[in-house]
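Residue numbers (the numbering used here): 1 to 117.
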């Protein structure tokens, strides 16, 4: 098992797990749109980004593997801002005819408005 910290919480995850998988094991929410265990990970949506200490760029938690002693933050200002930009880009071609909360009718079952505002 790999030991890491996510949002100040000690987490253990099997070796080879992604940050997203480790977070889910610990009941820590990280938003995703494109993640599906049935298909190969490609990290297209950019909503699952997280910060990891010592790594200057944001990581896509759906594809970044956990490492021993890793310290991850899923809700920093930088992470939240990046998710808002990613969602705004994804929604730029959206008709915008939803009424909040739109996840009941959304095929992705996602609270899009929650990401951008």
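For glycine and all other residues, C-beta sits at the position ideal for the given N, C-alpha and C.
Computed from a predicted model, the values in this text were never measured in an experiment.
DSSP-derived helix/strand/coil call for residue 28 = coil
Hey, out of 53, 56, 61 and 28, whose CA is closest to residue 44's CA?
-> 61
Within the stretch 44-103, ranges of the alpha helix (DSSP H) (whole runs, at least 4 residues) = 77-91
Could you name the residues that DSSP lists as bridge partners for residue 3?
-> 12
By the 10 Å Cβ neighbour count, where 16 or more other Cβ atoms means buried, how is residue 83 classified, buried or exposed?
-> buried
Proximal residues to residue 68 (C-beta, below 8 Å), its chain only, five neighbours per side dropped | 2, 3 and 4
Could one say the Cβ of residue 7 lies closer than 8 Å to chain C's Cβ atoms, at least one of them?
-> Among the chains in the structure shown there is no chain C, since it carries only a single protein chain.
Top-ranked residue by Cα proximity to residue 58, from 78, 17, 33 and 29 | 78
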